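Reviewing the structure listed below.
Protein chains: 2
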Amino acid sequence: MQNFYYDIPTKVAFGKGEIQKLPEFVKEFGTKVLIVYGGGSIKRTGLYDTVVNLFDENGISHVELSGVEPNPRVTTVKKGVDLCKEHDVQVILPIGGGSTIDCAKVIAAAYYYDGEPWDLVCDFSQAKETLPLISVLTLAATGSEMDLFAVISNEETKDKIGIGSSLVYPKYSILDPEYTYSVPRYQTAAGTADIMAHIFEVYFCGITGTFMQDRIMEALLKTCVHYGPIACEEPENYDARANLMWTSSWAINGMISCGKSAAWPIHAMEHQLSAYYDVTHGHGLAILIPVWMKHILNDETVDIFVNYGINVFGIDQTLDKMEIAQQAITKTKGVFDAMGLTDTLRSIGIENQDNFEVMAEKALGDGLDDYIVPLTKEDIISIYKECF
Amino acid sequence: MQNFYYDIPTKVAFGKGEIQKLPEFVKEFGTKVLIVYGGGSIKRTGLYDTVVNLFDENGISHVELSGVEPNPRVTTVKKGVDLCKEHDVQVILPIGGGSTIDCAKVIAAAYYYDGEPWDLVCDFSQAKETLPLISVLTLAATGSEMDLFAVISNEETKDKIGIGSSLVYPKYSILDPEYTYSVPRYQTAAGTADIMAHIFEVYFCGITGTFMQDRIMEALLKTCVHYGPIACEEPENYDARANLMWTSSWAINGMISCGKSAAWPIHAMEHQLSAYYDVTHGHGLAILIPVWMKHILNDETVDIFVNYGINVFGIDQTLDKMEIAQQAITKTKGVFDAMGLTDTLRSIGIENQDNFEVMAEKALGDGLDDYIVPLTKEDIISIYKECF
């Protein structure tokens, strides 16, 4: 087990009706709020009205940034910063999924940055201070509600960059599983694949001596495997939504990676898909994962697959190791299939392989040559092609 | 899943050599420290000298409270408070196991309390402020290094009271598994039983809908079952010590009980054993657990035992449910046996059953009649007798 420093400061109010605590949380930091949201589903579900009424009743004023994109753009960040400056905003309140929260995180930091937000994204170590951020989560997927990451796209340069800084942990997150009842089947499936991908990145990193963390990752994966398909079939199943929501937070808040270090190859490859084709992140991951797994399965990694197969899927442990590993990969794909996620890049609108080479080159930049199974540019192109 | 509020503020520096960060952590709060420790093993191992040298090099002054008892006494708390007041202490630094940290927590709160420390312990809601506390852990067991609990004894009244308050979370904890290399086999075994007991209390509480937390508890239990006996045989096995140490923190820091509520019957029964006979807490728990498990096994609880047996011990899931449950209990006792923990109260020096009735009555005070399998005074007496 590697040495580590553990510090997850986000406080979470979890469960039905916890939105009532929002004014108390906000007032710890101020009374002027920027509400950040996406396409308006929070208006259809009534959540928007609930929040605005709570603010009105409690003397909290607000301005709004709506229309945050599924892959949030730095141009939107800039609009948010301008709103904060114009209205002396004290607290940023993203209401939505990971895209909305990610966008809010970068607004919170760019507010204090003298320069273009994209320059800050390109070197986030320049961030020294942030506006406090409180999130209200409506989609179980990215874990942004309890982590220090954000991913921002630049549509001009086709770049999609992930940043990480302990400055951007939300101060509070309100997690009410009922707010995810209205998430469509497709987004539920993609979100579950995203949670699983976060765990796979760490689980398959190759650092040993972390028995406890490995077993916890299997616990989280079991939860996804069990409840992902159920949530797709029964969108108002509280236990399914609640377990997926809490799992989304723990898949990436830093706990499972204590004592490990990971290169995140699946995300490196997927970020290029999203940057070039604006595909749904979780779906892109679900297409890549089984192919990537086959690619990294070898004599050195087979024991990780064996643990995964036995402990997550209950595969017969008396089988040959490689057989267990193969079955585990098949069963992984089976979970994505069961949730209705198609398994080719063509099926999500990618019509040719023209960009694979430049995408592979950009993906490589994330240090994948240092991975437990080093990935070359050719490897990545071949994975993209097999996914095609 | 019940609603919950999650807030674990303790920051952890984990791994070999992390003690070097201590001066930086201390200086966040001040430069006058009360070092709290037990019987002097930290002097034999050199940890004491390391800390004092770090303090000398960094302009940090200290006073000392040594001799904290295995079941720490309120008289020792009082000594600590007097030292803090006399020397204007700004930070409390327990170095040791749960007893030492528990004692330090109550000192931290009693410092600001106008009255006898025992009166504060009897109604801890009177605590309004605490001195900051940084812990250096040398025994994986109670989880006090990352939780909000403390247990204090009053030798005059034979009372042993557990308190809980978010005020007493350590600000930082330094967890270096190498500091547990010198823990004797018996204390290693008792500590592991203590960790397991913390998980059992929550796992068997009867609240459903917490699939994810249940699987995580199984992950933690697997770690104890796997590494407890190894650490007893190989005291300098880093991975065993590291995994047990980190598991001790997560067994009770509040994470696994999110969405659950538990009555803690095993601890209620054991606290009376310790209060009356000063037995080693973890050993008392290990004697009680298999008997308690048999007592609560019925048609309503059998499914919990089935999950436990299959997921922790890999028991054949095609067996009859009751058979799986019985095997799971036998295997649990087998883990304690493998670590050398004897299985009767007589074997730990309890010579007669004279106090069982008054002990049962005191244990009941902790609300056990409201448990998933309600426990009456007669039930508890019969459990004590079966353990005798």
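Sequence lines, in order, name chains A and B. Taking this note's numbering, the leading residue of the first sequence gets 198, the next gets one more, and so forth. Taking this note's numbering, the leading residue of the second sequence gets 198, the next gets one more, and so forth. Glycine included, every Cβ here is placed at the ideal spot set by N, Cα and C. Just so we're clear, the structure is a prediction, and the values are computed from it rather than from any experiment.
Query, Result
"Might you give, ordered along the chain, the residues of its own chain that have their beta carbon closer than 6 Å to the beta carbon of Ala483/B, omitting 5 neighbours on each side?", "Ala390, Phe533, Leu538"
"Please state whether DSSP places Val399/B in a helix, a strand or coil.", "helix"
"Tell me the start and end of each unbroken alpha helix (DSSP H) in the stretch 400-435 of chain A that is at least 4 residues and wholly inside, in chain order.", "408-430"
"Starting from Pro291/A, follow the beta strand (DSSP E) in both directions and report where the run begins and ends.", "288-293"
"Are the beta-carbon atoms belonging to Ile526/A and Pro462/A less than 8 Å from one another?", "no"
"Can you find at least 3 beta carbon pairs, one from the stretch 306-320 of chain B and one from the stretch 247-264 of chain B, that sit closer than 8 Å?", "no"
"Would you please verify whether the beta carbon of Ile413/A is less than 8 Å from any beta carbon of chain B?", "yes"
"Could you compute how far the alpha carbon of Asn268/A sits from the alpha carbon of Cys319/A?", "17 Å"
"Rounding to the nearest angstrom, what Cα-Cα distance links Val333/A and Cys300/A in this structure?", "14 Å"
"Who are Ser332/B's beta bridge partners in DSSP?", "Ser370/B"
"Helix, strand or coil: how does DSSP classify Tyr234/A here?", "coil"
"Express the C-alpha separation of Trp489/B and Ile392/B in angstroms, rounding to a whole number.", "16 Å"
"Measure the C-alpha to C-alpha separation of Ala387/B and Gly237/B and round it to an integer number of angstroms.", "20 Å"
"Listed in chain order, which residues of the stretch 415-441 of chain B have Cβ atoms closer than 8 Å to some Cβ of chain A?", "Glu415, Ala416, Leu417, Lys419, Thr420, His423, Tyr424, Tyr435, Asp436, Ala439, Asn440"
"Between which two residues does the alpha helix (DSSP H) containing Asp246/B stretch?", "244-254"
"Apart from the five residues just before and just after Ile586/B, which ones in its own chain have a Cβ nearer than 7 Å to its Cβ?", "Absent from the structure is residue 586/B, since the part of chain B shown begins at 198 and ends at 585."
"Applying a beta-carbon distance threshold of less than 7 Å, which residues of chain B neighbour Asn200/A?", "Phe211, Gly212, Lys213, Glu215"
"Can you list, in chain order, the residues of its chain whose CB lies under 7 Å from that of Asn200/A, leaving out five sequence neighbours each side?", "none"
"Entirely within the stretch 339-395 of chain A and at least 3 residues each: give me those beta strand (DSSP E) ranges in chain order.", "346-351, 356-361, 369-372"
"Helix, strand or coil for Lys530/B? Go by DSSP, reduced to three states.", "helix"
"Phe585/A CB to nearest chain B CB: under 8 Å?", "no"
"Between Glu206/A and Glu575/B, what straight-line distance do the alpha-carbon atoms span, to the nearest angstrom?", "Residue 206/A is actually Pro in this sequence, not Glu. Roughly 45 Å between the two C-alpha positions."
"Could you give the distance in angstroms between the alpha-carbon of Ile501/A and the alpha-carbon of Lys457/B?", "32 Å"
"Could you check which residue in Lys275/A, Lys224/A, Ala347/A, Phe553/A has the C-alpha nearest to that of Leu251/A?", "Lys224/A"
"Please name the residue, chosen from Gly481/A, Asn495/A, Glu554/A, that lies closest to Ser544/A on a Cα-to-Cα basis.", "Gly481/A"
"Closer than 8 Å is the cut-off here; do at least three beta carbon pairs connect the stretch 220-235 of chain A with the stretch 276-293 of chain A?", "yes"
"Could you list which residues in chain A have their beta carbon closer than 9 Å to that of Met490/B, in chain order?", "Neighbours of Met490/B on chain A: none; closest Cβ ~22 Å, over 9 Å."
"What does DSSP give as the partner residue(s) for Glu261/A in the beta ladder?", "Ile232/A"
"CA-CA distance, Glu375/B and Lys419/A?", "33 Å"
"When the distance is taken between beta carbons, is Ser445/A closer than 8 Å to Gly340/A?", "yes"
"Can you tell me whether Pro381/B is buried or exposed? The criterion is at least 16 other CB atoms within 10 Å of its CB, across all chains shown.", "exposed"
"Given that Cys455/B touches chain A, what residues does it touch there, using C-beta distances under 9 Å?", "Val209, Phe211, Trp443"
"Alpha carbons only, please: which of Glu497/A, Asp373/A, Tyr309/A, Glu283/A is nearest the one belonging to Met519/A?", "Glu497/A"
"Is the beta carbon of Ala460/A less than 8 Å from the beta carbon of Tyr568/A?", "yes"
"Tell whether a beta-carbon distance below 8 Å holds between Phe211/B and Leu372/B.", "yes"
"In chain A, which residues lie with their C-beta within 7 Å of the C-beta of Asp203/B?", "One point to set straight first is that residue 203/B is Tyr, not Asp, in the sequence displayed. Those within 7 Å of Tyr203/B in chain A are Lys208, Val209, Phe211."
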